[in-house]
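Below is one structure, written out as structure tokens; comments come after it.
In the working numbering, the protein residues as written are 5 to 129.
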């Protein structure tokens with residue numbers, strides 16, 4: 005029996021390799037995955053499917069709209085949506101995010117972060 009519930013994850017990253025890696029590992033674990041290659045695409049998906057997602061994996065450095073702007077928008081529209089912030093650069097530690105993934109990260113680190121959040125949400129429900 006599976007210990008972690010499956011979830012709906014939006015992965016926002018402009019790096020195709022990271023997108024494929026995240027999609028592969030999350031799909032293999034039984035999660036539903038949507039991908040956005042830039043900030044504008046992410047905002048479009050989020051506005052169309054705001055209540056659909058359980059977790060957002062969000063790169064900080066994105067074309068069109070950066071990840072921090074998306075984070076601010078999410079905190080206004082849906083403050084309960086957990087965000088895993090991903091960056092290879094230093095990030096302000098005061099940001100309210102569920103988890104910070106330092107790039108480059110292992111696929112196991114991504115999966116553990118997503119599943120830890122899903123377990124916590126299940127317990128809180």
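Heads up, the beta-carbon is just placed ideally off N, CA and C, and yes, glycines get one too. Since this is a predicted model, take the numbers as computed values, not measurements.
For residue 129, the secondary structure class from DSSP, reduced to helix, strand or coil, is coil. Judged by DSSP in its simplified three-state form, residue 53 adopts coil rather than helix or strand.
Look at residue 123 here: in three-state DSSP terms it is helix. Exclusion of the five residues before and after residue 104 leaves 89 and 95 as the residues of its chain whose Cβ lies within less than 7 angstroms of its Cβ.
Residue 127 sits exposed, since fewer than 16 C-beta atoms from the chains shown fall within 10 Å of its C-beta.
Shown here for residue 70: same chain residues with a beta carbon closer than 8 angstroms to its own, the five before and five after excluded, namely 43 and 64 in chain order. With contacts defined as CB atoms closer than 7 angstroms, residue 24 and residue 56 fail to qualify as a contacting pair. With respect to the C-alpha of residue 30, the residue from 111, 67 and 129 having the closest C-alpha is 111. With at least 16 other beta carbons inside 10 angstroms of its own, residue 50 counts as buried.
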